[in-house]
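Structure record follows, encoded as structure tokens.
Residue numbers (this note's numbering): 1 to 310.
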């Protein structure tokens, strides 16, 4: 059993605490585990020492099963092959919660601690994210068989001509409101087989969720173009929302078909209603009234659903 040795306060751009456990340590504020080779059995010891829990070695079987499910998940496979480990977290954190919910009856103690303690959640998420990411990336086989693009290292003059940035949708919803962030961002760049001519403002992002099926299946990679040119009505767009969330994903951005109703007031037209409509009839539209129009920002248009190469 690994025992807690001591607490150490360090001054490095401000003071923070770490806990040292034998050959590894955890930052108190961030939950980061400072050991590149922590085994799953040791993770149980870390959790017990850090949080005063009494998990047994058998409890690691629950975490093993979560890892196996995550590694087998097609959306996570695509995201791991297409992203850095930092960008991978935008997809992984949401999927991890779903995996825990799916298996909640198998280990209610770990499940309740994971859902109820943010610090515990952070330690679990950080370790499992690294484990799943490395496991997926280490598997043999051609990752391009499941990805509709090739990751490239372009020359500056080739950007937006032969390739576009690959951006997590959550990041895109904020970053693409400022074109300068897009051009200067630290993105992966991808070459795609598209019927569209590439230009600045375009990017590829993965759309997660079933609300736009069958046109956009869950986990599809799509080509987006920003800003939206011409009339928005009838176009499938990425929208950033203020104060409300997409009921399906819980995020303050969504990909939906834009529809609106207008009325004339003097020489001007104004929206009386804006509807963000799903293709899937199992989902309800997100509706904004005239007074709420300022609560959304249309970021980009989905111009193409990419198909797997090869």
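The C-beta atom is built at its ideal place from N, Cα and C for all residues, glycine as well.
Helix, strand or coil: how does DSSP classify residue 99 here?
As a working note, residue 99 is residue 99 in the chain shown. Correct three-state label for residue 99: helix.
Distance, residue 220 Cα to residue 68 Cα
Position 68 of the chain shown, counted from the first residue, corresponds to residue 68. Position 220 of the chain shown, counted from the first residue, corresponds to residue 220. Looking at the two C-alpha atoms, the distance is approximately 22 Å.
Residue 25 (DSSP reduced to helix, strand or coil):
As a first step, residue 25 must be located in the chain shown, where it is residue number 25. With a pLDDT of 48 at residue 25, under the threshold of 50, the modelled position of that residue is not reliable, and the figure given next carries that caveat. Of the three classes helix, strand and coil, the one that applies to residue 25 here is strand, per DSSP.
From the DSSP output, in three-state form, read off residue 167 for me.
In the chain shown, residue 167 corresponds to position 167, counting from 1. Three-state result, residue 167: coil.
Say whether chain C places a C-beta atom closer than 9 Å to the C-beta of residue 53.
In the structure shown, chain C cannot be found, because there is only a single protein chain.
Using the beta-carbon count (16 or more within 10 Å), is residue 139 buried or exposed?
Locating residue 139 in the chain shown gives position 139, where the first residue counts as 1. Residue 139 should be labelled exposed.
Assign residue 58 to one of three DSSP states: helix, strand, or coil.
Residue numbering aside, residue 58 sits at position 58 when the chain shown is read from its first letter. Residue state, collapsed to three classes: helix.
For residue 103 and residue 112, I'd like the C-alpha separation in whole angstroms.
Taking the chain shown and counting its residues from 1, the one referred to as residue 103 is at position 103. Taking the chain shown and counting its residues from 1, the one referred to as residue 112 is at position 112. Cα to Cα, residue 103 sits roughly 11 Å from residue 112.
Give me the Cβ distance between residue 194 and residue 223, rounded to the nearest whole Å; I'm assuming they're in contact under 8 Å.
Indexing the chain shown from 1 puts residue 194 at position 194. Indexing the chain shown from 1 puts residue 223 at position 223. Their Cβ separation, rounded to whole angstroms, is 6 Å, which keeps residue 194 and residue 223 in contact under 8 Å.
Taking all protein chains shown into account, do 16 or more other C-beta atoms lie within 10 angstroms of the C-beta of residue 265, making it buried, or fewer, making it exposed?
The residue given as residue 265 occupies position 265 in the chain shown. Counting of Cβ neighbours within 10 angstroms places residue 265 among the exposed residues, the total staying below 16.
Is DSSP giving residue 71 helix, strand or coil here?
Here the question's residue 71 lines up with position 71 in the chain shown. Helix.
Would you tell me roughly how many angstroms separate the C-alpha atoms of residue 94 and residue 267, rounded to the nearest one?
Start at 1 with the first residue of the chain shown, and residue 94 comes out as number 94. Start at 1 with the first residue of the chain shown, and residue 267 comes out as number 267. Using only the alpha carbons, I get a separation of about 47 Å.
Taking only three categories from DSSP, how would you classify residue 259?
Here residue 259 corresponds to residue number 259 of the chain shown, with the count starting at 1. Looking at residue 259 - three-state DSSP - the assignment turns out to be strand.
Assign residue 137 to one of two classes, buried (16 or more other C-beta atoms within 10 Å of its C-beta) or exposed (fewer than that).
Within the chain shown, residue 137 is the residue found at index 137, counting from 1. Residue 137 should be labelled exposed.
Just to confirm my understanding: we take residue 51, look at its own chain, exclude 5 residues before and 5 after, and list those with CB closer than 6 Å. What are they?
Counted from its first residue, the chain shown places residue 51 at position 51. Closer than 6 Å at the Cβ level, and outside the excluded window around residue 51, lie 120.
Which residues mark the beginning and the end of the beta strand (DSSP E) in which residue 225 is found?
Your numbering for residue 225 matches position 225 in the chain shown. Residues 220-225.
Under the rule that 16 or more other beta-carbon atoms within 10 Å means buried, what is residue 106, buried or exposed?
Against the chain shown, residue 106 aligns to sequence position 106. Burial call: exposed.
With 16 other Cβ atoms within 10 Å as the buried cut-off, status of residue 116
Taking the chain shown and counting its residues from 1, one reaches residue 116 at position 116. Under this definition residue 116 is an exposed residue.
Cβ shell of residue 243 (< 7 Å), same chain only, five flanking positions each side left out:
One-based indexing of the chain shown puts residue 243 at position 243. Closer than 7 Å at Cβ, skipping near neighbours: 295.
Below 9 Å between beta carbons: does that hold for residue 166 and residue 204?
Here residue 166 refers to the residue found at position 166 when the chain shown is read from its first residue. Here residue 204 refers to the residue found at position 204 when the chain shown is read from its first residue. It is a contact, given that the beta carbons lie within the stated cut-off.
Any chance the region 225-237 sits against the region 251-259, with 3 or more Cβ pairs inside 8 Å?
yes
Sort 123, 110, 303 and 46 by Cα distance to residue 226 and report the nearest one.
Numbered from its first residue, the chain shown carries residue 226 at position 226. The shortest C-alpha separation from residue 226 is found at 303.
With a floor of 3 residues, list each beta strand (DSSP E) that falls wholly inside the region 189-248, ordered by position along the chain.
202-207, 220-225 and 236-241
Who are the Cβ neighbours of residue 297 in its own chain at under 6 Å, not counting the five residues just before and after it?
Locating residue 297 in the chain shown gives position 297, counting from the first residue. Same-chain partners within the cutoff: 240.
C-beta contact flag for residue 90 and residue 147 at 9 Å
Against the chain shown, residue 90 aligns to sequence position 90. Against the chain shown, residue 147 aligns to sequence position 147. Cβ distance not < 9 Å, so residue 90 and residue 147 don't count as in contact.
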